[in-house]
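Quick notes on the structure that follows.
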Amino acid sequence: MRDPLCPSCEKTGMSKEERDALVRQSRSLLSPSECCSEKAYSGRLRVCNSCEGLLPSETCGYCGCFVHIRALKKDASCPYPGENKWSGLF
């Protein structure tokens with residue numbers, strides 16, 4: 190696993206509002222065909238929120254990604270070692 194907190198997030202203390210704005214901005218940079226459905230996005234985040242690899246900074250302890258951004262991309266997969274926990278979701 191990586192360090193427990195993303196250094197930039199640890200310094201800035203990203204609020205829920207800032208996180209949501211970042212997700213909206215990231216979604217606007219992707220074409221609609223690159224984004225998964227809202228149902229799939231919600232399902233992916235539920236899986237991440239119940240995973241022991243989720244760090245307090247809402248980053249994945251297995252790959253270091255910000256889970257709210259990774260979950261947006263239709264072709265993204267869960268980096269859990271040996272298993273794609275998103276497999277079969279919607």
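Residue numbers for the sequence shown follow my numbering, beginning at 190 and rising by one. The C-beta atom is built at its ideal place from N, Cα and C for all residues, glycine as well.
In angstroms with no decimal places, state the Cα-to-Cα distance between residue i and residue j.
i	j	result
Ser226	Lys263	8 Å
Tyr269	Ser276	11 Å
Asn238	Leu218	25 Å
Inspect the beta-carbon positions of residue i and residue j and report whether they are closer than 9 Å.
i	j	result
Gly242	Tyr251	yes
Lys174	Cys240	Absent from the model: residue 174. The displayed extent of the chain is 190 to 279, so no value can be given.
Val236	Glu247	no
Report whether the distance from the Cβ of residue i to the nearest heavy atom of the ligand ATP is below 8 Å.
i	result
Pro268	No copy of the ligand ATP appears in this structure; indeed no ligand is present at all.
How far does the alpha helix (DSSP H) with residue i in it reach, from first residue to last?
i	result
Lys205	Lys205 to Leu218
Ser284	An answer regarding residue 284 cannot be provided, because it is not within the stretch 190 to 279 covered by the chain.
Contact check, residue i vs residue j under 8 Å by CB: the rounded distance?
i	j	result
Cys224	Arg216	6 Å
- Message: Does the contact criterion of 3 or more C-beta pairs under 8 Å hold for the region 211-220 versus the region 259-279?
- Response: yes
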